[in-house]
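Remarks on the structure that follows.
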Amino acid sequence: LEFLLEAMALLPHEVGLRVLDYFPAFTPLEKRIDALNLAGRVRFTGKVSSEELARAYRDAAAVVLPSLFEGFGLPAIEALAAGTPIVASRAGALPEVIADAGAGTLVPPRDPAALAKAISELLAGWDEAHEQALAARPRIEAVFGWRPTAERSLALYRRVIGEFRGAPPERGARA
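Using the numbering used here, you'd call the opening residue of the sequence shown number 3 and step up by one each time.
Take a look at the structure:
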């Protein structure tokens, strides 16, 4: 979040940030928000329900994931499934998710200037970024939807059970 806050300070004042987490009172982040004069531009909502999260994805102009590590990339998957453009760090699973989706912008981690530039460009070309995000939904569903995930899990279980029993793995089975 600290890198996103620094990026916000580089963006026009009309650009706001909604953080779906609790306000970091009495922490260095609170002091950083004050030092960057972002108090009126950054809003913390606290944790939200699943329904509110889905609405937040749909209502956002962009979802920004400045992660230094992202184990699976679920927020990117959810944002793209909602048709919301993404700016994300090249960290953890985010490059893979965004490549699989064929949509989104990747920036180096820990680089507020690159983050601000990518956000600015996305907002300037929002219609195109939104169309790319909408077009990514079928790919997101094909790779990360419940059915393909269950089929890959079942194939993995069958392979492991087969190996346990000493049987050769099924032809064409992949995990």
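C-beta: ideal position from N, C-alpha, C; glycine also.
Because the structure is a prediction, the values reported are computed rather than measured.
Enclosing alpha helix (DSSP H) for residue i [first to last residue]
i	result
R20	Careful: R20 lies outside any alpha helix (DSSP H), inside the beta strand (DSSP E) at L19 to V21.
H15	First-last for H15: undefined, no H or E at that position.
A116	P114 to A126
E54	S52 to D61
L40	Segment: none, L40 is in no alpha helix (DSSP H) and carries neither H nor E.
A78	L76 to A83
F166	W148 to R167
Among the options, the one whose alpha carbon lies nearest that of residue i
i	options	result
A103	P87, A152, R20 and I121	P87
R139	L156, E80 and A64	E80
A105	L136, A58 and F46	L136
L12	R149, V65, S122 and L156	S122
P26	H132, A62 and E4	E4
E98	A78, A116 and L19	A78
E130	P30, A64 and A56	A64
G94	L82, E72 and R57	E72
V17	G42, G127, A144 and G85	G42
S69	L6, R167 and G168	L6
Continuous beta strand (DSSP E) stretch holding residue i: start and end
i	result
S91	I88 to S91
L31	First-last for L31: P30 to A37, but that is the alpha helix (DSSP H), not the beta strand (DSSP E).
Beta-bridge partners of residue i, as assigned by DSSP
i	result
R2	With the chain represented from 3 up to 177, any question about residue 2 goes unanswered, as that position is not in the structure.
V66	V89
T107	V89
Between the CA atoms of residue j and residue i - distance to the nearest angstrom
i	j	result
R160	V109	39 angstroms
G180	R154	Any question about residue 180 goes unanswered here, given that the chain covers just 3 to 177.
G75	A118	21 angstroms
M10	V89	13 angstroms
P30	S91	22 angstroms
V44	L124	19 angstroms
E194	V66	The structure shown has nothing for residue 194, since the chain only spans 3 to 177.
D113	P14	18 angstroms
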